[in-house]
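Okay, so the sequence shown: first residue is -15 according to the working numbering, each after it adds one.
The C-beta atom is built at its ideal place from N, Cα and C for all residues, glycine as well.
Because the structure is a prediction, the values reported are computed rather than measured.
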Amino acid sequence: MALSDDFLMELRNRADIESTISSYVNLKRAGRISKGLCPFHGEKTASFTVYPDTQSYYCFGCGNGGDVITFIKNIENLDYIDAVRFLADRVGLQMPDENSYDNTMNKRRLRMLEANRDAARFFFKCLTTPDGAVGYTYFRNRGLTDDTIKRFGLGFAPDSFNALTNYMLGKGYTKDELVYANLARRSQKNPNNIYDNFRNRVMFPIIDVKGNVIAFGGRVMDDSKPKYLNTSDTLVYKKSMGVFALNLAKKSGKDNLILCEGYMDVIALHQAGFTNAVAGLGTALTSEQAQLLSRYASEILISYDADEAGQKAAARALSIFKKTSAKIKVLHLSGGKDPDEIIKNYGVEKMKAIITGAANEVEFALLREHNKYDVASDDGKRQYLQAAIKVLSTVGAIELEIYASRIADELSVSKDVIVSEAKRQAKRNQSTAQKREFTEIQKKDDILDKLNPQRRMFYRAAKAEEMLIALVMANPEFLTGIDEKLSADDYITDFNRRIFKSVTDRLREGKSAEISFLYGELTEDEISAVAKIQTISHTLKNTYAECEDCINVILGEKNKKVIHNGDDISDEDFLKFFKE
Ligand SMILES: [Zn+2]
């Protein structure tokens, strides 16, 4: 590792954490801190906190925390060096010479991307060979033009155990490289042998927004299983973040994206002129994919299959997108089970009409309930009314007016009753949601518990240890005084001792001990833990007297070393310990 301290200091000064995070999260300033809705987990009340003083952030909801580099790493899904490079680019800072820092991971990533690109070329070329004719015929039978095939870089993996492997070994890739990229697998009988991962499948390269081939999806051409085989997670690809065709869709010039279920739907839509279509990879939409998509469009049109499974998936996707800033609509597909079929059967105009008539979230939810019941019968009418009120209890005042009127007319019931019942339920929802969020935050308290298994056993000492770390990080001038009374050896819990030692060793050498400088010594979780510890200093007066209190508690507990179970002690109660 080891980028120089000077470089990191310059980066820290130029890439201010508050303004950097502001371009991703809507932050509100409150005194010395800023708060916003966490981009890493869904929440309605802001527990994501940015501390300009310490140039750190911490989310009390999910425990994600660190410095500006950690933030970029997590939000852009980059490794450490790439996150540094990303920030340096952004603020116009020249990266140091490659040989001056350990670049192994980055080199490995680049090599893997190269391998993927070569493999994509190989699969594409196969379409024009006798072995690949069957793949080419498949695409053409599905109505794809040569242009489309080229545009998506589609290809074919021959029915062979070593076609790709031999080709890639010939190009100088090692067996390890092919296995790590998930292009090949190791034989169980003889691990020295490798064989092609994708065989007898049409191939869809997954390309990220920067144009890198990061993975592949391979589809069988008949009914054999598994229908799809996708690259598993590698250094350059995380399945939960993968989106097919986002590289093309982001250039569509449109402010919305059509989210489909499968590759073929996306390709058919692009070919018909809907170049803003994308698909998730694998079956169920993840919150990471939703976050990613909502960064590229303010409206998402969900276009899942018309069958029950597809509609269930659409309802699920709706609830996931609720936690993002994107507006959501659901396409009501008719005339075919998926966009591919609809365009084939009825043409582009039909698809356009479906997109224009897309149902918003409320309409979709009401329609789903409506389809469940026979509203011609009294019983069905009553059940639908109950379900509809439940839906309306989650909407705003204007929508409530509109839909309550519609339902009242349709069912010949009083609109006022629907409105007041929906409002009553809304109140109830609110208090349950608040309770739930509160318990979730309580549960998360503890990244510190997770990383420091001795913490609950020596709770009183551990809290004082953490406070002392926070104090010395925020006020390095206290170190001389602390050194006279206590050393790292006096720390009782191992994890805190290690952090305290890292921080104070650096300070004694006259170096900065901010999080950005501790990367070499800490894991990602540990970085979050230190960010959590740093938040403590914002609840304190930051006086040397507080350091002395902590030291006395630590030394006192060290002599006692009794187990103190602090499961039920709040931070406020703990502060009172000092006054005992
Ligand atoms: Zn969070």
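Contact the segment 72 to 83 vs the segment -7 to 3: 3+ CB pairs below 8 Å:
Between the segment 72 to 83 and the segment -7 to 3, the count of C-beta pairs closer than 8 Å reaches three or more; the two stretches touch.
For ligand 1, any of its heavy atoms closer than 7 Å to the Cβ of Phe24?
For ligand 1, a non-hydrogen atom lies closer than 7 Å to the CB of Phe24.
For a quick check, are the C-beta atoms of Leu395 and Glu345 less than 8 Å apart?
Not closer than 8 Å, so no.
What would DSSP say about Leu376, mapped onto helix, strand or coil?
Look at Leu376 here: in three-state DSSP terms it is helix.
What's the C-alpha gap between Leu277 and Ile198?
Going from the Cα of Leu277 to the Cα of Ile198 covers about 17 Å.
Do you know offhand how far Thr149's Cα is from Arg126's?
When rounded, the distance between both Cα atoms is 29 Å.
Determine, using beta-carbon pairs with one atom in the segment 405 to 417 and one in the segment 356 to 376, whether at least three such pairs fall under 8 Å.
Yes: the two stretches touch, three or more of their Cβ pairs being nearer than 8 Å.
Where does Leu(-8) fall in DSSP's three states?
Three-state result, Leu(-8): helix.
Three-state secondary structure (DSSP) of Gly116:
In the three-state reduction of the DSSP assignment, Gly116 falls in the helix class.
Starting from Lys12, trace the alpha helix (DSSP H) in both directions and tell me its first and last residue.
According to the DSSP assignment, Lys12 belongs to no alpha helix (DSSP H) but to the beta strand (DSSP E) extending over 12 to 14.
Here's the rule: buried if 16 or more other CB atoms are within 10 angstroms of the residue's CB, otherwise exposed. What is Asp289?
Counting Cβ neighbours within 10 Å, Asp289 comes out buried, since at least 16 surround it.
Our contact map puts Ile499 next to Ile453 with C-beta atoms below 8 Å; I'd like the distance itself, whole angstroms only.
Their Cβ separation, rounded to whole angstroms, is 12 Å, which puts Ile499 and Ile453 out of contact at 8 Å.
In its own chain, which residues sit with a C-beta less than 8 Å from the C-beta of Phe228, not counting the 5 before and 5 after it?
So the list reads Phe188, Ile190, Gly201, Tyr247, Val250, Val262, Ala263, Gly264, Leu265, once near-sequence residues are dropped.
Looking at ligand 1, does it come within less than 7 Å of Gly50, judged from the CB to the closest heavy atom?
No.
Straight-line CA distance for Ser496 to Phe24?
Near 28 Å, if we compare the C-alpha coordinates of Phe24 and Ser496.
Using the C-alpha atoms, what's the distance from Ala445 back to Asn480?
The C-alpha of Asn480 lies about 10 Å from the C-alpha of Ala445.
Leu491 - DSSP class collapsed to helix/strand/coil:
DSSP places Leu491 in helix when its eight states are reduced to three.
Buried or exposed (CB count within 10 angstroms, at least 16 for buried), Gly341
Looking at its Cβ environment, which holds fewer than 16 other Cβ atoms inside 10 Å, Gly341 is exposed.
Under three-state DSSP, which class holds Cys534?
Reduced to three states, the DSSP call for Cys534 is helix.
Could you tell me the alpha carbon to alpha carbon distance between Lys222 and Arg93, rounded to whole angstroms?
The straight-line gap from Cα to Cα measures roughly 13 Å.
Roughly how many whole angstroms lie between the Cα atoms of Asn536 and Glu493?
Distance between the alpha carbons of Asn536 and Glu493 is about 26 Å.
Whole angstroms are fine: how far does the CA of Gly226 sit from the CA of Asp81?
C-alpha separation (whole angstroms): 32 Å.
From the DSSP output, which residues share a beta bridge with Ser287?
For Ser287, which the question treats as bridged, DSSP gives the partners Cys244.
Could you tell me which of Phe501, Ile466, Glu508 sits nearest to Glu532, measuring between CA atoms?
Nearest to Glu532 by C-alpha distance, out of Phe501, Ile466, Glu508, is Ile466.
Unbroken stretches of the alpha helix (DSSP H), 4 residues or longer, contained in the segment 35 to 93:
Fully enclosed alpha helix (DSSP H) runs of 4 or longer: 52 to 60, 64 to 75.
Specify the secondary structure class of Gly139 as computed by DSSP and reduced to three states.
Correct three-state label for Gly139: strand.
Whose C-alpha, out of Asp180, Glu510, Thr477, is nearest the C-alpha of Leu539?
It is Thr477 whose Cα lies nearest to the Cα of Leu539.
For Tyr41, count the other beta carbons within 10 Å of its own beta carbon; 16 or more makes it buried, fewer makes it exposed. Which is it?
By the Cβ-count criterion, Tyr41 is buried, with 16 or more other Cβ atoms from all chains shown falling within 10 Å of its own Cβ.
Comparing the CB of Phe55 with every heavy atom of ligand 1, is any distance shorter than 7 Å?
Checking the 7 Å criterion, the Cβ of Phe55 is out of range of every heavy atom belonging to ligand 1.
At what residue ranges does the segment 441 to 505 contain a whole run of the beta strand (DSSP E), taking only runs of 3 or more?
As for any beta strand (DSSP E) of minimum length 3 sitting wholly inside the segment 441 to 505, there is none.
Output the distance between the C-alpha atoms of Leu128 and Ala274, rounded to the nearest integer angstrom.
Cα to Cα, Leu128 sits roughly 28 Å from Ala274.
Please report the straight-line C-alpha distance between Lys134 and Gln255, rounded to a whole angstrom.
Rounded to whole angstroms, Lys134 to Gln255 spans 12 Å at the Cα level.
Whole angstroms is fine: what's the gap from Asp0's alpha carbon to Asp37's?
In this structure, the CA atom of Asp0 is about 11 Å from the CA atom of Asp37.
beta-carbon Cys614 near ligand 1 non-hydrogen atom, thresh 7 Å:
Residue coverage of the chain in this structure runs from -15 to 564, which leaves residue 614 outside it and unanswerable.
If contacts are defined as beta-carbon pairs under 8 Å, then Ala515 and Gly49 qualify, I think. What distance do you get, rounded to the angstrom?
Yes, they are in contact, since the Cβ atoms of Ala515 and Gly49 sit about 3 Å apart, within 8 Å.
Count the other C-beta atoms from every protein chain shown that fall within 10 angstroms of the C-beta of Val379, then say buried if there are 16 or more, exposed otherwise.
Val379 is buried by the Cβ-count criterion.
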